[in-house]
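So the sequence shown is numbered by our numbering: it starts at 55 and just counts up by one. Even glycine gets a Cβ: it sits at the ideal position worked out from N, Cα and C. Right, one structure below, let's go through it.
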Amino acid sequence: MKILFVCLGNICRSPAGENVLNHLLKQTPYQKQSDSITTDSAGTANYHSGGHPDSRMVKTLQSRDIEVTGRARQFTVKDFKDFDLILTMDYSNYEDVISLTSDKKLQAKVKPFASLLTEHDDDFIPDPYTDGQAGFEYVVDLMFDGCTNLLEQIKKS
Ligand code: 4NP
């Protein structure tokens, strides 16, 4: 299963999702499951294309022993074909991605990441870019919540 995380800049929220899911996959005792899941992330905007994840997010993830990889890139229509599940972080990301195709089957691959949350009741993942450290920590908490549930769902399916 190919999973793509999408936010606006691809330097804070979606790299957090990708790297938290990779971290959980490394820990999973279900080797077959981790072998069959691949991850990536992208931004709806191209402001930061080619850049590293935001240094504040890198520090936050590393403080929890999470390895951080990836460079920013912009979402493209090809991603609809290349990925099975496209997880968007907020309403604008969702609308921006959905508006790039009129194919209902491709649109059905797009889901709000917040729909995976079990321990938080946020409707979207808040953009931490202009927040302090607490905003970055909170995004990582949300990624752990949703990604843990996602792996549970995949395991059951
Ligand atoms: P992200 O956060 O979408 O979670 O990567 C942002 C990063 C950069 C900007 C906005 C949001 N920006 O406006 O540059």
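Per DSSP, what kind of secondary structure is residue i in: helix, strand or coil?
i, result
"Gly97", "strand"
"Pro69", "helix"
"Ile152", "helix"
"Lys122", "First, the residue type needs correcting, since residue 122 is Val and not Lys in the sequence shown. Reduced to three states, the DSSP call for Val122 is coil."
"Leu141", "strand"
"Lys165", "strand"
Would you check whether ligand 1 has a heavy atom nearer than 7 Å to the C-beta of residue i?
i, result
"Cys201", "no"
"Arg127", "no"
"Ile208", "no"
"Asp176", "no"
"Ile65", "yes"
"Gly97", "yes"
Just the Cα atoms here: how many angstroms apart are residue i and residue j?
i, j, result
"His77", "Asp157", "33 Å"
"Leu196", "Ile179", "8 Å"
"Tyr101", "Gly63", "6 Å"
"Glu72", "Phe59", "6 Å"
"Met143", "Ser68", "7 Å"
Would a check of beta-carbon distances place residue i closer than 8 Å to chain E?
i, result
"Ala168", "Looking for chain E here will not work: only one protein chain is present."
Measure the Cβ-Cβ separation of residue i and residue j and say whether it is below 8 Å.
i, j, result
"Lys210", "Asp138", "no"
"Cys8", "Pro182", "Residue numbering for the chain in the displayed model covers 55 to 211; residue 8 lies beyond these limits and cannot be assessed."
For the pair the segment 90-97 and the segment 114-121, tell me if three or more CB-CB distances fall below 8 Å. With the cut-off at 8 Å, the segment 90-97 and the segment 114-121 do not touch.
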